Amino acid sequence: MTPSVVIEHALLLSLALFAIGVAGVFLRRNVITVFMCVELMLNAVNLSFVAFSRSLGTLDPQILVFFVMTVAAAEAAVGLAIILALQRHKDTLDVDAFSVLKW
Amino acid sequence: MTTPDAVLFYVFAAVTLASALVVVGQRNPMYSAFALIVTLCSLSAIFGLLGSPFIAVLQVIVYAGAIMVLFLFVLMLLNVKAEDAAEGSGSGILKGVGVALAAMLVVQVGIVLQHAGRGMAASGFDASARRVAHVLFSAPYVYVFEATSVLILTALVGAVALAKKEL
Amino acid sequence: MTALQQELVITVVKVLVLFNVLLGLFSLMTYVERRVLAFMQFRLGPNRTGPFGILQPVADGIKLFFKEEVAPAGANKWLFVAAPAVSIVTAFLSIAVVPYGGTVHLFGRDISLQIADLDVGVLFLFAISSLSVYGIVMAGWAANNKYTLMGGLRSSAQMFSYELALGMSWVGVIMLAQSFRVADIVESQAGGFWHWNFFRQVLGFLIYVVAATAEVNRTPFDLPEAETELVAGFHTEYSSMRFALLQMAEYVNMITASALGSNLFLGGWLSPLPQFIPDSPLWFVLKLFVCLFFFIWLRGTVPRIRYDQLMDFGWKVLVPLAALNALLTGAVVVFPR
């Protein structure tokens with residue numbers, strides 16, 4: 166395949182997505198939205214892995230992407246179960262409400 | 003750069019950024035979830051453009067097709083309403099500072115990357131499912147593969163245990 | 037004209053032809069289903085509009101077109117409009133990787149009778165069927181009605197449970213063909229009907245039939261949208277063209293499931309006796325109609341399954357059986373080496 170996608174731009178996109186995800190984690194108050202921004206960060210990392218795989222010509226980053234996706238799926242399942250349990254306990258999904266362990 | 007691949011890449015990159023901003027900015031979590039689905043699908047298209055069809059399809063199957071369905075189910079079960087706009091005081095300035103710092107980071111890294119000049123590997127990059135499977139099922143990745151199956155089983159049991167009403 | 041422009045023109049022509057064929061087949065199917073079901077139930081079905089009622093789909097289309105578009109008061113406007121769109125787009129996208137013939141030689145070029153010849157063809161189908169759940173989820177949520185919400189949740193849970201069994205039923209077929217390309221899987225069944233995956237993968241075929249019927253929300257798995265349950269389920273609040281789009285999505289999904297079944301398990305365009313009769317896309321059309329008739333036959337014969345029985349069956353019976361099938365096929369493929 167003739168080179169056509171500029172790798173630097175793909176990496177920049179990955180960084181921009183990561184920055185947006187971090188901003189979301191800090192700025193949003195709903196637990197589920199924070200979780201979605203974490204998934205956005207994971208996807209940004211996946212994109213940079215795939216970009217480097219294309220640039221270096223190896224397949225190891227693709228395997229890593231595979232494992233990141235698998236772990237993200239497991240983490241999403243457990244995380245959402247925790248959120249369900251939290252909601253049942255406190256009847257709210259506000260991040261600031263779960264501050265019992267704060268000093 | 004006027005090859006169709008490059009044009010499509012910029013189109014999908016714009017879609018990804020726009021929907022990511024909707025994910026973070028939208029008050030209603032249901033709309034955020036759907037915007038995240040759009041982000042994941044356009045990322046899958048970018049993976050395809052970067053020559054990785056297997057990962058592209060896997061992204062849709064696993065992320066956009068399974069994880070996001072889970073998110074939507076939880077959102078619908080908990081009947082989550084839109085967030086109220088009133089946040090803590092002074093957070094407007096902090097938010098502005100945060101966004102400005104993030105923008106500065108992206109610009110600085112962009113400048114560094116411009117001078118790095120990595121470019122693409124030579125032709126012959128073959129990331130088809132067959133070759134990825136070949137690497138995946140040979141040492142040492144096959145052990146990690148088996149370990150992830152145990153991980154998923156653990157997550158399954160854990161999720162059921164956590165979400166049950168009475169243990 | 038450069039090679040790229042030629043490719044583009046050929047693809048556009050293929051898309052237009054297939055799109056129109058699908059639309060025609062959809063309207064034909066609405067008529068055929070009502071007639072065949074009627075004959076099975078000892079009555080006549082629509083036979084007034086036009087000779088033998090053949091213009092009934094036209095009448096239905098005109099009626100639906102002129103109905104008023106009603107949306108409930110508290111409905112979520114964007115999602116309410118987007119849901120039928122998502123359903124129909126995913127339904128039509130999945131046809132892109134289903135081949136209906138080998139390669140033909142026209143105008144000095146080899147044209148494969150398939151819109152997109154992907155190396156990961158079967159996985160693409162799996163991905164699109166995963167996305168089709170969202171049309172139903174959106175439809176159920178957007179109408180602001182507890183019945184539609186229940187119908188939408190039930191239907192989407194049913195769809196992604198049976199998706200797992202569906203995907204795993206293909207694993208045996210993929211292992212035998214050593215490829216994800218649908219055309220390769222069809223070619224691996226060459227040599228007469230005893231080589232078809234219907235005989236080599238009996239368990240896989242049975243699982244596919246059950247899982248595909250559940251995926252398409254057809255009887256006996258159509259509890260989420262049946263008229264006697266939950267007031268027509270997730271498409272209660274839809275009228276006029278949006279309802280027509282949802283029905284179109286369901287029928288096109290049924291056509292895709294039949295097309296895929298005839299490609300993966302019944303040999304596609306290959307002839308059952310290749311020494312006597314040559315391969316041709318007409319065989320594919322014949323097998324497609326056999327599968328479609330089977331869906332209608334199933335609807336006329338079998339009662340609806342209750343929702344908890346459905347979920348039990350999907351998770352506790354089909355998924356282990358599909359895993360067993362994959363295991364056995366893998367053992368048979370690997371051990372002779």
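Those sequence lines, one after another, are chains A, B and C. Mind the numbering: the first sequence is residues 166 to 268 in the working numbering, read in order. Mind the numbering: the second sequence is residues 3 to 169 in the working numbering, read in order. Mind the numbering: the third sequence is residues 37 to 373 in the working numbering, read in order. Positions of the beta carbon are idealized from the N, C-alpha and C atoms, including for glycine. Bear in mind that the values here come from a model prediction, so they are computed numbers and not experimental data.
Per-residue contacts from residue i into chain B (C-beta, under 7 Å)
i                : result
Ala216 (chain A) : Leu52
Val131 (chain A) : A query on residue 131 (chain A) cannot be resolved here, the shown segment of chain A reaching from 166 to 268 and no further.
Thr257 (chain A) : Near Thr257 (chain A) there are no residues of chain B at all, since even the closest Cβ is about 10 Å away, more than 7 Å.
Leu54 (chain C)  : Near Leu54 (chain C) there are no residues of chain B at all, since even the closest Cβ is about 21 Å away, more than 7 Å.
Phe386 (chain C) : Any answer about residue 386 (chain C) is impossible in this case: the structure gives chain C only from 37 up to 373.
Interface partners of residue i on chain B, CB under 8 Å
i                : result
Leu159 (chain C) : Phe56, Val59, Leu60, Ile63, Ala131
Val169 (chain C) : Gly67, Val71
Val260 (chain A) : Those within 8 Å of Val260 (chain A) in chain B number zero; the least Cβ separation is about 11 Å.
Asp155 (chain C) : Pro55, Ser130, Ala131
Val243 (chain A) : Ala157, Gly160, Ala161, Leu164
Leu266 (chain A) : Chain B residues near Leu266 (chain A): none, gap ~18 Å exceeds 8 Å.
Val236 (chain A) : Thr150, Leu153
Proximal residues of chain A, C-beta to C-beta of residue i below 7 Å
i                : result
Ala22 (chain B)  : Leu182, Ile185, Leu205
Tyr143 (chain B) : Ile228
The ligand FAD heavy atom lying under 6 Å from the CB of residue i
i                : result
Ala105 (chain B) : In terms of ligand content, the structure shown is empty, and the ligand FAD therefore cannot be addressed.
Cβ neighbour criterion (16 or more within 10 Å) applied to residue i
i                : result
Arg254 (chain C) : buried
His271 (chain C) : buried
Thr5 (chain B)   : exposed
Pro339 (chain C) : exposed
Ile313 (chain C) : exposed
Gly304 (chain C) : buried
Glu148 (chain B) : exposed
Pro142 (chain B) : exposed
Met106 (chain B) : exposed
Ala157 (chain B) : buried
Phe78 (chain C)  : exposed
Glu105 (chain C) : exposed
Lys323 (chain C) : buried
Val13 (chain B)  : exposed
Asp179 (chain C) : Per the sequence shown, residue 179 (chain C) should be read as Ala rather than Asp. It is buried - the Cβ of Ala179 (chain C) has at least 16 other Cβ atoms within 10 Å.
Trp268 (chain A) : exposed
Val55 (chain B)  : Checking the displayed sequence, the identity of residue 55 (chain B) turns out to be Pro instead of Val. Result: buried.
Gly67 (chain B)  : buried
Within chain B, partners of residue i - CB distance below 9 Å
i                : result
Phe263 (chain A) : By Cβ distance, chain B contributes nothing, its closest Cβ being about 15 Å from Phe263 (chain A), past 9 Å.
Val199 (chain A) : Within chain B, no residue comes near Val199 (chain A); the closest Cβ sits about 10 Å away, beyond 9 Å.
Val230 (chain A) : Phe49, Ser54, Ile57, Leu60, Gln61
Phe196 (chain C) : Gly67, Ala68, Val71
Ser276 (chain C) : Result: empty, since nearest Cβ-Cβ is about 24 Å, beyond 9 Å.
For residue i, three-class secondary structure by DSSP
i                : result
Leu302 (chain C) : coil
Tyr309 (chain C) : Note that residue 309 (chain C) is Leu in the sequence shown here, rather than Tyr. Three-state result, Leu309 (chain C): coil.
Thr255 (chain C) : coil
Val338 (chain C) : coil
Val140 (chain C) : strand
Asp259 (chain A) : strand
Asn195 (chain A) : strand
Ser213 (chain A) : helix
Ser169 (chain A) : coil
Arg79 (chain C)  : coil
Ala84 (chain B)  : coil
Leu249 (chain A) : helix
Ile63 (chain B)  : helix
Lys167 (chain B) : coil
Gln28 (chain B)  : coil
Glu240 (chain A) : helix
Leu266 (chain A) : coil
Ile46 (chain C)  : helix
Gly90 (chain B)  : Interpretation of Gly90 (chain B) is limited by its pLDDT of 49, a score under 50 that renders its predicted location unreliable; the figure taken from the coordinates is listed afterwards. Coil, per DSSP.
Leu224 (chain A) : coil
Leu54 (chain C)  : helix
Chain-ordered chain A contacts of residue i [CB-CB under 8 Å]
i                : result
Leu74 (chain B)  : Those do not exist, as Leu74 (chain B) stays about 10 Å from chain A at its closest Cβ, beyond 8 Å.
Gly100 (chain B) : Ala188, Phe191, Leu192
Ser34 (chain B)  : Thr198, Met201
Expected contact under 8 Å - CB spacing of residue i and residue j to nearest Å
i                : j                : result
Leu200 (chain C) : Val355 (chain C) : 6 Å
Phe320 (chain C) : Tyr136 (chain C) : 5 Å
Arg193 (chain A) : Gly53 (chain B)  : 34 Å between Cβ atoms; not a contact.
Phe116 (chain C) : Ala107 (chain C) : 6 Å
Arg236 (chain C) : Leu73 (chain C)  : So it is not a contact: roughly 33 Å between Cβ atoms.
Neighbouring residues, chain C, relative to residue i (Cβ below 9 Å)
i               : result
Ile39 (chain B) : Leu167, Tyr170
Met78 (chain B) : Val173, Gly176, Trp177, Leu185, Gly188, Leu189
Could you name each continuous alpha helix (DSSP H) segment of 4 residues or more that falls completely within the stretch 101–136 of chain C, going from the start of the chain to the end? 113–129
Complete runs of the alpha helix (DSSP H) confined to the stretch 147–180 of chain C [at least 4 residues]: 157–178
Pick out the complete beta strand (DSSP E) segments inside the stretch 177–248 of chain C, 3 residues or longer, and give them in chain order. none
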